[in-house]
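Chains A, B, C and D, in that order, give the protein sequences.
To get my numbering, take the position in the first sequence, counting from 1, and add 109.
To get my numbering, take the position in the second sequence, counting from 1, and add 109.
To get my numbering, take the position in the third sequence, counting from 1, and add 109.
To get my numbering, take the position in the fourth sequence, counting from 1, and add 109.
Just so you know, even glycine gets a beta-carbon here, dropped at the ideal spot from N, CA and C.
Just so you know, these numbers come straight off a predicted model, no measurement behind them.
Taking it in order: structure first as C-alpha cells, then the write-up.
Number of protein chains: 4
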Amino acid sequence: MLTEELLKDALQYGKAFTKLGMTAQYIPQLRDVNKYYLGVCTMDLDGNVLEAGDTRIPFTIQSISKLVSLILAIRDCGADHLFHEKVGVEPTGDPFNSIVKLETKTRPFNPFINAGAITVASCIKGKDADEKFERFLEFTRKLCNNEEISLNQAVYESERETGDRNRALAYYLKASGILEGDVEECLDFYFRMCSVNVTAHDIAYMSLVLANHGVDPLDQEELIEPQYAKAIRALMLTCGMYDGSGEFAMTVGFPAKSGVGGGIAVPLVDRMGIGVFGPALDEKGNSAGGIKILEYLSNKMGISLF
Amino acid sequence: MLTEELLKDALQYGKAFTKLGMTAQYIPQLRDVNKYYLGVCTMDLDGNVLEAGDTRIPFTIQSISKLVSLILAIRDCGADHLFHEKVGVEPTGDPFNSIVKLETKTRPFNPFINAGAITVASCIKGKDADEKFERFLEFTRKLCNNEEISLNQAVYESERETGDRNRALAYYLKASGILEGDVEECLDFYFRMCSVNVTAHDIAYMSLVLANHGVDPLDQEELIEPQYAKAIRALMLTCGMYDGSGEFAMTVGFPAKSGVGGGIAVPLVDRMGIGVFGPALDEKGNSAGGIKILEYLSNKMGISLF
Amino acid sequence: MLTEELLKDALQYGKAFTKLGMTAQYIPQLRDVNKYYLGVCTMDLDGNVLEAGDTRIPFTIQSISKLVSLILAIRDCGADHLFHEKVGVEPTGDPFNSIVKLETKTRPFNPFINAGAITVASCIKGKDADEKFERFLEFTRKLCNNEEISLNQAVYESERETGDRNRALAYYLKASGILEGDVEECLDFYFRMCSVNVTAHDIAYMSLVLANHGVDPLDQEELIEPQYAKAIRALMLTCGMYDGSGEFAMTVGFPAKSGVGGGIAVPLVDRMGIGVFGPALDEKGNSAGGIKILEYLSNKMGISLF
Amino acid sequence: MLTEELLKDALQYGKAFTKLGMTAQYIPQLRDVNKYYLGVCTMDLDGNVLEAGDTRIPFTIQSISKLVSLILAIRDCGADHLFHEKVGVEPTGDPFNSIVKLETKTRPFNPFINAGAITVASCIKGKDADEKFERFLEFTRKLCNNEEISLNQAVYESERETGDRNRALAYYLKASGILEGDVEECLDFYFRMCSVNVTAHDIAYMSLVLANHGVDPLDQEELIEPQYAKAIRALMLTCGMYDGSGEFAMTVGFPAKSGVGGGIAVPLVDRMGIGVFGPALDEKGNSAGGIKILEYLSNKMGISLF
C-alpha cells in the first residue's frame, strides 16, 4: 500500500509548504538551518524501510526528547507515581511555555508542555546532570537503533544561555513542591536532552518501537510495557502537537510528537513508525512541510485513526 | 467478538462505580434521578443490536446535543465558516463553563465547551427559537431513528431559570462580535436543545451514523459529509469528555461525547455505535459507571484507537 | 489662593491636551461630542464659585454615577453589608470592564469597576427599574443642588443596546450568587443611571458635599455619614481613575472619580469640590484635558494629598 | 497633640490584635519570633521622639527595603527610565508574589510587588551583589540615621534557600527582557537587602526623611528629590500594603509600606515619621497589631489624608 512512489509524492506535496514556514528563531543554530530541508522515513514491522528527501540530515531532537524522557521516567519511578503525583494527562489550550496555569493548578497539565517535561526530567534517576544525561543518551540510542547519536554541543550551550523562561518554570515548580532535587542539575540535563542530534531515520525507528507496543522489533526487548506505550500514543494524539493538537487530529489523525528542530515522530500501532524532518515551522511551532506530508499520507492511504 | 455476555459483564463491572458518582446537582430534575441507573446499547453496521441494563430509560441529552447542533450548523453554514470564523478546534484545560479564556482569545476554543456550543447554536438557521428548535428536534429524531423523541419541558424550564452562567457567556460572545443575532432567542434554543429526552438506544443509533461516515445505515441517506463525520470523531476524542478527555483517551481510547444527563455517545468507525446511560457523574461531569463500561469493553475487545 | 486667573491658566494648560485624546467611541452620542470642550468649576465651603470654560454644557454622568449609587446603597442597606458581602475595596490592575477576576474571586474587587458598580446598583431599593431610577434621580438632584437634572434618553437607549459586556458581567454575578434580584431590571436601572445629564457645575457641588463630610453646605443636611464620606474619598483615590489611579495619585494626588462622558469629580476635604468636563479621553478612559487641569491646580496650589 | 499617653493607649489597643495574627511561616527565623512583640516610634520635624513598646527590638526589614532600593534606583538611573521602561505605578489586586500578570503585561505593575522590586533591585549600580549590597547598606544606615544597621546572616541564608518563587519571577523577567544583568547576582542582592536588621526606631527615621520631602532633618542633605519623595508617598498609599492597600486607605488613610518581618513605615508629610513593629501578621501579610495602632492614631488625632 505504501510505496516509494507515494512517499515521493507526499514529499513533493509537502515541499510547497516549507516556504510558508520559518525556522525557530531563538538561537542561531536553529535559525540558520536551511528551511527547505524536508524528509520522511517509514519503517514497518517487516523491516521495510522507505525514505524520501533529507532523512539523513542531523537535527536537534528538541521536544521529541520529551517522549524519550517520559519513557525513561516511567521505567525509573513508575507511571502511577508520575501521573498521580507529578504531571496531568490533559491537553491545555495554552502555548507550550506558558506559566499562567501553574498558579492555579498544582501540577503541570501534561508531560509535553515545558513545565511538565521539566518535571518529568526531574524524575529520571542519576546522581547529577552528567549521569542523567548519560542514561538518557544511551536509551535514545537504543530507541533509535543508532549508536552514533550524540549531543550537539553548540545547541546545548545556546539553549542553556537562552533558557530563562524554562528556568522560571523550573523554579516555580520547585517552589510549589512539584520539582524535587537540584533545579540547576535538572535544567542542565533538560537542555542537554533537547540538544541531541537525530535524523528522520532515527525518529522513524523510535516511532516503530512505540508502534510495536514498546518492543524493539530487532531484538524483541521490551523497552516499555505495552500498556504505557499505548498510553503514550494516546497522549501524543491529544497533546503532542502543542496547541495545534486538535487541528492535527482532525486533518491527519495520527499520534505525533513534534519538536522545534523540525522533527515529528509518528507511531502507527501495529503498522509502522514514521520520522519526518522539516525545519520550517508553522505558527504553532510544528514542521509546516512535515504536517503536510503526514496529511497527504493519511488521506491517500486512508489511515487516520478517525 | 462482542456478545451479550460480554456486555452484561461490562455492565456489571460499571455498576460498582455508580455509587462513587453523583447526579448533576444544579436542577432538581437531574439531581433526583436514581443514580444507580446504568445501561449500554451497541448497534453494528449489520443491524445487530445488543442491550444491557437501563437502555430504554429516558434522560436529557444535555451536552450530547452539541454533536447534533454541530452537524446541523455545518449543514447550515458550512464547516469553513464555522471553524475559521466562529469556533476553534483545540482542547482546553479549563472547565466546560469557563469564561476566562474569552477575554484573551477571540473565539471559543472548541464547539464542545459551553461558549463554543452557544456560538454553534447561533449559526443554526431558523427565524426564531421555535423554528430553530423544530429543525433541531426533527434532525435529532432522524439521527436517532426515533420519531418519539421530544422535549422534557420541566428540565427546559429549570435550565432556563438557572442558566445565568450560560447567559453571561452568550452576552460576552455577543459583545465580542462572535455571536450574531438575538441572544435570548439563541439561549432559549440552546436550553431547549439540551433538554430533549433520549435513551441509550437513541444515542447508540446517533453514534452508529457517525461511525458509518455520516450515512444513515437504514436508508443510506448522507446526514453529514464523510469528511466532517471524521472531523467530528477526532474532535470528540480530543475535546468530548470535558477536561477529562486526555485521561479518557489514555484509558479507553474512543471518540466520545458525554452529557451531564448521564449519557455518552461513542462512534467506533466502520464498526459500531455505542450509547451509554448512567447519571452518576464523576468530578469532571462524565458518567462514572458509563466510563467504566467503555473501559471494560475497550480492554476486553482490544478496540482502543491506540 | 485659588483665583479666577489661576483657573483660567489651568484651563489654558489643559486645552493643549484635548487634541491628544478621543471621545468615547462605542455609541454615537458620545463619539460625536465636540472633543475640544473643556471646563472646570470649583466651589468652596464659603460659597465661592469659580468657573472657567464649558462648565454649563451638559454631558452624561457615566461612571461618576457610581459615586451616587454607592452613597445611596450605603444608605439603603448599610456599609457593613455592602463591603463585607457584596464588593471589595481593593484596586485592581485590570480594565474597568474585565470579567477575568470574577472567575477566581467571589466578589468584585471594588465598587468602581463595572462588575462592582452593577452589584452596588442591585442593592438600591425600589420595586423595579423605574422606582430605583426615580430614587436615584432625586438623590442626584439633591447631591448636585440642581432640580433640572434629567435622563438623556438617547444615550440611555444606546447604552442599553450596546451593553452586552455589562449584561455578561451581570449574569455572571447572578450565577455566582452575588447579584440578587432581577438582572434585567438591575441592568435597565444601571444603564439609566449612567445616562443622566449633568454639568461640571453640578459635579462640583456633588464633590463639595463629599468634601464637606457628606453634609449639604446649603441646608446642612447630612446626605451620608461622615465616616462613609471619608471612606468613599479614600476609595476614589485608590480606584477612582480606573487602571490609571496609581499614576493620578502620583501626579495629581486627589481623590477623583471620572466617567467616559468626560467628567471628573474631585472632593478636597474641608476645602472645596471641583467639577471638570472634557470629553477627549486618554487611553485609560479618563478626560485627557481634565487630568491636566487638575495636575496644574495641584502643583500651583501645592494641594496634593502627598 | 500626639502625647506619650496617646501612644501608649494606641499600643494597648493594638496589643489585643497580636494574638489574632501569625508570624511569617516560611522560614524558621521569622516563624519563631515572639508574636506578641509590639512597638511604635514617632519622630517629628522638631526632633521630638516618642516610643512605646518594643521599639528597639531588631527585626528584618523585608519589603520595607523596597522603599530604600526604589530611592536608590531613582538616584542611580533616574525616575523616567525606571517608571517608563521598567515598572508601572498601578496597584494590582493580585498577591505580592503572583506571576500571572507577567504573562500578559510587559512590565511588573508596581515597584512594591516582588516582580517589580526585583526589577528595581536590578537597576541599582554595583559590579556585583557585594557592591550593590554595600551601597544599599550604607544608604539604609543614612536613611535610618543608624550606623549599626547590619545584615541578619541567618535570615539571608534562609531567604536564599527558600527563594525559588522569587527566582522564578526573576528568570521570567530576564526572559522578557525587563531584568538586565546577571539574575543570580540580582537575586543574591535582593535576598540580602530583605534581610537587614532594623528597629521601629530606625524605620521611624526613614519615614521622617520621606515626610520631610526627602531631606535628612539632621544635616539637611537631600537624599531624594522632593518630587520623588512625594511620588513615593503616593505609591505607598495605593500599593504599599499589598492587596490590603485599599482597605488600609479607607480605615487608616496614611501612606505606608509594610514587610513580613512585622514592620510598617509611615511618612506623614510635613508632620512626622512613624515606625511600627509587630510580627504577628494578618492574612494579607501586614502587621495585625501595627495596623491597629495606626488606625487608633489616625482616628484619635484626625490625621487620615481623607
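- The residue among D:Ile-412, D:Tyr-405, D:Ser-413, D:Ile-333 with its C-alpha nearest the C-alpha of Lys-251 (chain D) is D:Ile-333.
- Along the length of the region 221 to 258 of chain A, whole alpha helix (DSSP H) runs at least 4 residues long occupy 223 to 231, 238 to 253, reported in chain order.
- When DSSP states are grouped into helix, strand and coil, Met-381 (chain C) belongs to the strand group.
- The beta carbons of Met-315 (chain C) and Ala-374 (chain C) sit closer together than 8 Å.
- In the DSSP assignment, Asp-273 (chain D) falls within the unbroken alpha helix (DSSP H) covering 273 to 284.
- In this structure, Gly-371 (chain A) keeps its C-beta atom at 8 Å or more from the C-beta atom of Gly-353 (chain A).
- With the criterion set as a beta carbon lying under 9 Å from some beta carbon of chain C, the members of the region 192 to 205 of chain D are Phe-192, Gly-197, Val-198, Glu-199, Pro-200, Thr-201, Gly-202, Asp-203, in sequence order.
- Close CB contacts of Glu-289 (chain C) within its chain, under the 7 Å cut and outside five residues either way in sequence, are with Ser-231 (chain order).
- In the DSSP assignment, Gly-148 (chain C) falls within the unbroken beta strand (DSSP E) covering 148 to 153.
- For the pair Ile-412 (chain A) and Leu-344 (chain B), the Cα-to-Cα distance works out to about 17 Å.
- Judged by pairs of C-beta atoms under 8 Å, the region 187 to 205 of chain C touches the region 200 to 207 of chain D, as three or more such pairs exist.
- Exclusion of the five residues before and after Ala-133 (chain A) leaves Leu-139, Arg-140, Val-369, Leu-390 as the residues of its chain whose Cβ lies within less than 7 Å of its Cβ.
- Within 10 angstroms of the beta-carbon of Asp-155 (chain A) lie fewer than 16 other beta-carbons, which makes it exposed.
- CA-to-CA, the gap between Ala-226 (chain D) and Lys-175 (chain D) works out to about 6 Å.
- Looking only at B:Met-110, B:Lys-124, B:Glu-160, the smallest Cα-Cα distance to Ile-383 (chain B) is reached by B:Glu-160.
- DSSP, reduced to helix, strand and coil, places Glu-293 (chain A) within a helical segment of the structure shown.
- For Met-131 (chain B), DSSP records a beta bridge to B:Leu-390.
- Below the 7 Å Cβ cutoff, chain C contributes Asp-273, Arg-274, Ala-277 as neighbours of Ala-284 (chain B), in chain order.
- Closest in C-alpha terms to Thr-228 (chain D), from the list D:Ser-207, D:Leu-191, D:Lys-241, comes D:Leu-191.
- Restricting attention to A:Ile-173, A:Leu-116, A:Glu-114, the CA atom closest to the CA of Gly-394 (chain A) is found in A:Ile-173.
- Excluding five sequence positions before and after Asn-206 (chain D), the CB atoms of its chain that fall closer than 6 Å to its own CB belong to Asn-223, Arg-274, given in chain order.
- The beta-carbon separation of Tyr-281 (chain A) and Ile-208 (chain D), rounded to 7 Å, stays under the 8 Å limit for a contact.
- The Cβ of Arg-342 (chain B) sits closer than 8 Å to at least one Cβ of chain A.
- Three or more Cβ pairs drawn from the region 308 to 325 of chain D and the region 145 to 152 of chain D lie within less than 8 Å of each other, which places the two stretches in contact.
- Between Phe-357 (chain D) and Met-302 (chain D), the C-beta spacing is not below 8 Å.
- Non-local C-beta neighbours of Ala-182 (chain A) in its own chain, meaning closer than 7 Å and more than five positions away in sequence, comprise Leu-191, Val-229, Cys-232, Ile-233, ordered along the chain.
- Listed along the chain, the chain A residues whose CB falls inside 7 Å of the CB of Leu-414 (chain B) are Leu-414.
- For Gly-398 (chain A), the uninterrupted alpha helix (DSSP H) run begins and ends at 397 to 410, by DSSP.
- At a Cβ-Cβ threshold of 8 Å, Leu-147 (chain C) and Lys-124 (chain C) count as neighbours.
- A straight line joining the alpha-carbon of Asp-291 (chain C) with that of Arg-276 (chain B) spans about 14 Å.
- Here DSSP, grouped into helix, strand and coil, assigns Thr-169 (chain C) to strand.
- Chain-order list of chain C residues neighbouring Phe-218 (chain D): Gly-202, by C-beta distance under 7 Å.
- Rounded to the nearest whole angstrom, the C-alpha separation of Phe-168 (chain D) and Ser-367 (chain D) is 12 Å.
- Within the model, the alpha-carbon separation for Gly-323 (chain A) versus Lys-195 (chain D) is close to 51 Å.
- Taking a C-beta cut-off of 8 Å against chain D, the contacting residues of the region 287 to 316 of chain A are Val-292, listed in chain order.
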